[in-house]
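Structure first, commentary second.
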Amino acid sequence: MNSVDAYAAELLEGLNEPQRHAVQHPGGPLLVIAGAGSGKTRVLTHRVAYLVRSGQCGLGEILAVTFTNKAAAELRHRVGDLLGRSTRGLWVATFHSACARILRVEAEKLGYTRQFTIYDSDDSKRLVKRCLEAEGADTKRFTPNAVRNQISDHKNRLRSVEQAQDLAAGHYDRTVADAYAAYQKQLVANNAMDFDDLMGRTVDLFERYPDVRERYRRAFKHVLVDEYQDTNPAQYRFLQLLCMDDPMHQAGPSGGGTGRDAKGGGEDTNALTAPLAGEEPGHRNLMVVGDDAQSIYGFRSADIRNILDFEDDFPDAEVIKLEQNYRSTQHILDAANGLIGHNSNQRPKHLFTEEGEGDEVRVRAMQDDHAEARWVVSEVERLAGEGVPLGEMAVLYRTNALSRAIETSLTQAELDYQVIGGVRFFDRAEVKDALSYLQWLHNPANTVAFARVVNRPRRGIGDTSVGRMLNHAASTGVTPLEVIADPAAAGLKTAAVKAVGAFAEQIAELRETLFGAPDEAGVGGTASGSDLRVADLVEDVLRVTGYRSELERSEDPQDEGRLENLDQLHAYAEEFDAEGTAGAGEGTGSEDAFHALDRFLQQTALLSDADSKANGPEGQVTLMTLHNAKGLEYDAVFLVGLEDGIFPHSRAIDSGELEEERRLAYVGITRARRHLAITWARRRAMYGPPQSQVPSRFLRELPHEALDETSPEAMSGQPSFGGSERGRRDFSQIGRIGRGSSPSRPGGPPRDLSSLGLKRGSDLVSSKADAPPAPTWQPGQRVRHVKFDTGEVVRMDGDVVVVHFDDVGEKRLIAGFARLEALG
DNA sequence: ATATACATCCTTTTT
DNA sequence: GGATGTATAT
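Here the first sequence stands for residues 423 to 1246, where the numbers follow our numbering.
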């Protein structure tokens, strides 16, 4: 072994057999099936480092693709650590940012300028809405969101407008296809691309310009992909084009070229992959890493068949399975294995660990959502007492709506928590407003940004006026910037003309700061403000437009927070400026303001909440949806709301997406290192009155040996005193509790509360701080005063239970009451 | 043009 | 429960 080899071999130390195998893979297609917690990032980073150290290629000849910025950053960081040197030159990017980078350079070839704007889903929704309205479609039946999703699906499956129209069978599909046509036309007119276009247009580019494709194919000798199970057909084709023999011969508009389009017909045809003779050979060095069991983005057109059929697509592919788990204890893995075993569409695998059995997975049935929340919180407290940091605990749920009860209980217990999800920073209205100003200054053709800011803050330019200006712009093929120079031409009334005039002046002033000299409306000026920083520009926008002063003047307490967000945006821009100047140290000279803005917008468009999604740094319990939990791990995990209709979600049940739901549960289970508890509630208030719930079918699929269930009914959802229908109707405020030792009917009511769903002391905890000592209840004990879950008081007076409705209102109380009445 | 009051609708969402 | 959109009034 020569010294180079020895140097590279260091990178193999500490890897297990299959991991090492993957890292050393000589070349050609490689699929690594990486079970949860099996060290897939390790394999990826070590392979990148190994390729470089063993001299197989240069750092700059590797492209590593991920789905999130966070994953990309981590990958880069860890490769840097392994190599002990800078990773500049290494392409680690998300699919979208890699494409955006390519498209900036090649935009002209596709009829765009390199200043094109990237529309986020909100922007594109607005544009779709406008298109639908222009078409005269009924936006009740064709909601902008639904239509946008359909269009997105078309794009992700690489269906052109024409293909979509050809495919459209019914009226609905045709309307969608027409909207797609109009929308796409508008995007080009706006010099804008949506997220899906970043992929799709790059694919277009590669297909239409073989020389361009060839250039990139040569630039990257090795391509590595993370989370391959989540790739959609567009991403799949992108990889093909980068690595493989020319797959394009020809999937023309009318041809059978829709690849894996199930709707389009042949389930098994795959025009993308047919290896074609006589073309220049691709390097074929494609390594993909993923876990089919964690494919949970089907609703966003991710196609699990990409990972399931990898060997069919690439007959010479090597497949390596990583099944040793370094995260969880065996009981948790058993639960995961048992559950996922119920899926048929999968690659069989069996996770194992050397860490030992650990705790059993606890499954608990709760009276209702409040009891569930309270139980979770009491467990959080218990574990905290055992030394598990709050930041190492997470509560996971299917839908965001389920977080509320948990939040309430955590607050009452005075425990710190963070909720992941909800509105992202860059999606907040005020932040988007500010960014839209910047976007419009940068790309005056951007009508969405224009429509957004023209009357914000309120300037007396109403919807009708905005509509007229947009129409005018569209029909005369002119940008909104030119429209506001002569608003009367768009047919505005005098008051509106005046208001627009004031707005135009503000914009002129801002353009002057950005471009230096005043220029004729339109195409970016010549010499632009030399050392203007983006942060200054943000501030100028807020000042000149009166946006900031409007908020400062406001009485609304929420506006305080909005100002803070704007300050945060400013701080973010300052950071960006600092990085820019630091990086541009050598030779580049001072970058002009316009170009800085260009880079700034590019970056922010593809940024999400970046790093906020992590373990609560210190002392914070984390709450989030299962989707958000992918890739994370915690010492203790609580999976709540395991009820049919919630999880699996009713819409998934209806549309036969149970396997994906099951994978989602699998993801949840495998987040836990040592402690896992799964709960469901007999009754839950979602929207409106509480509904009876049935335990999730997934609970029945968990292997009993791995579980700790309080009672048989925890699984079945049946009261232990089974028998006839009862307890599901409405009742008076008085119920009776059976008494004495002789049940009044066969298998009749027991006399204690255990069958009421109140099984343990913790179910009867007082939630009010100043309430009398919370009476907990133990089997066999007589009960006099009970504090019910939401704080309502239940007093037992002999046989009769009297319920006091206080400030909370009665609908929550009925839940507890149903069970009491059931005994009567 | 805008403020307010009522109705309506609810998955998940890496970019 | 709440955010969004439409109808109505000013």
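Where is the CB? At the ideal position from N, CA and C, for every residue including glycine.
Cβ-based burial, residue i [other Cβ within 10 Å; buried from 16]
i, result
"residue 1082", "buried"
"residue 576", "buried"
"residue 427", "exposed"
"residue 1220", "Since pLDDT at residue 1220 reaches only 39, below the 50 mark, its modelled position is unreliable, and the value read off the structure follows with that caveat. With fewer than 16 other Cβ atoms within 10 Å, it is exposed."
"residue 588", "exposed"
"residue 1015", "buried"
"residue 591", "exposed"
"residue 866", "buried"
"residue 499", "exposed"
"residue 980", "exposed"
"residue 652", "buried"
"residue 719", "buried"
"residue 477", "exposed"
"residue 993", "exposed"
"residue 780", "buried"
Beta-carbon gap between residue i and residue j smaller than 8 Å
i, j, result
"residue 1053", "residue 813", "no"
"residue 783", "residue 798", "no"
"residue 963", "residue 860", "yes"
"residue 650", "residue 747", "no"
"residue 1132", "residue 788", "no"
"residue 856", "residue 960", "yes"
"residue 804", "residue 831", "no"
"residue 1029", "residue 491", "yes"
"residue 580", "residue 625", "yes"
"residue 568", "residue 790", "no"
"residue 868", "residue 614", "yes"
"residue 665", "residue 622", "no"
"residue 472", "residue 758", "no"
"residue 744", "residue 440", "yes"
"residue 1095", "residue 749", "yes"
"residue 546", "residue 570", "yes"
"residue 888", "residue 875", "no"
"residue 1057", "residue 815", "yes"
"residue 466", "residue 434", "no"
"residue 459", "residue 1055", "yes"
"residue 827", "residue 777", "no"
"residue 1027", "residue 999", "no"
"residue 870", "residue 548", "yes"
"residue 932", "residue 985", "no"
"residue 531", "residue 627", "yes"
Nearest-angstrom beta carbon gap, residue j and residue i [assumed within contact, 8 Å]
i, j, result
"residue 1091", "residue 1080", "That belief does not hold up - the Cβ atoms of residue 1091 and residue 1080 are roughly 16 Å apart, past 8 Å."
"residue 485", "residue 642", "4 Å"
"residue 437", "residue 445", "6 Å"
"residue 1063", "residue 722", "Residue 1063 to residue 722, Cβ: 22 Å. No contact."
"residue 599", "residue 654", "19 Å between Cβ atoms; not a contact."
"residue 935", "residue 914", "So it is not a contact: roughly 27 Å between Cβ atoms."
"residue 1123", "residue 761", "5 Å"
"residue 540", "residue 638", "That belief does not hold up - the Cβ atoms of residue 540 and residue 638 are roughly 20 Å apart, past 8 Å."
"residue 578", "residue 544", "About 18 Å separates the two Cβ atoms, so there is no contact after all."
"residue 620", "residue 495", "No, residue 620 and residue 495 are not in contact; Cβ-Cβ is about 19 Å, not under 8 Å."
For residue i: DSSP bridge partner residues
i, result
"residue 744", "456"
"residue 998", "Its beta-bridge partners do not exist; DSSP assigns none."
"residue 921", "In DSSP, residue 921 forms no bridge with anything."
#### Entry: Given 8 Å, three or more beta-carbon pairs between the region 969-979 and the region 1018-1032
They do not touch, by the three-pair rule.
### Task
Tell me, please, whether the region 1103-1118 touches the region 1059-1078 by the rule of three or more beta-carbon pairs shorter than 8 Å.
At 8 Å Cβ cutoff, the stretches touch.
### Query
Are there three or more Cβ pairs, one per stretch, closer than 8 Å when the region 711-720 is compared with the region 643-653?
yes
### Query
Is the region 738-754 in contact with the region 1072-1087, if contact means three or more CB pairs nearer than 8 Å?
Contact between the region 738-754 and the region 1072-1087 is absent, because fewer than three Cβ pairs lie under 8 Å.
### Task
Could you say if the region 978-989 and the region 908-928 meet the contact criterion of at least three C-beta pairs nearer than 8 Å?
As far as the Cβ criterion goes, the region 978-989 does not touch the region 908-928, which means the pair count is below three.
### Query
Should the region 547-556 be called in touch with the region 627-636, which here means at least 3 C-beta pairs below 8 Å?
no
### Query
Are the region 879-887 and the region 916-928 touching, with three or more C-beta to C-beta distances below 8 Å?
Judged by pairs of C-beta atoms under 8 Å, the region 879-887 touches the region 916-928, as three or more such pairs exist.
### Query
For the region 601-617 against the region 541-553, are there 3 or more C-beta pairs whose distance is under 8 Å?
The region 601-617 vs the region 541-553: in contact.
### Task
State whether the region 498-518 contacts the region 477-484, with contact taken as three or more CB pairs (one from each stretch) at a distance under 8 Å.
yes
### Query
Is there contact here, the region 841-853 with the region 512-522, by at least three beta-carbon pairs under 8 Å?
no
#### Entry: Stretch pair the region 759-771 + the region 733-740: three plus CB contacts closer than 8 Å
no
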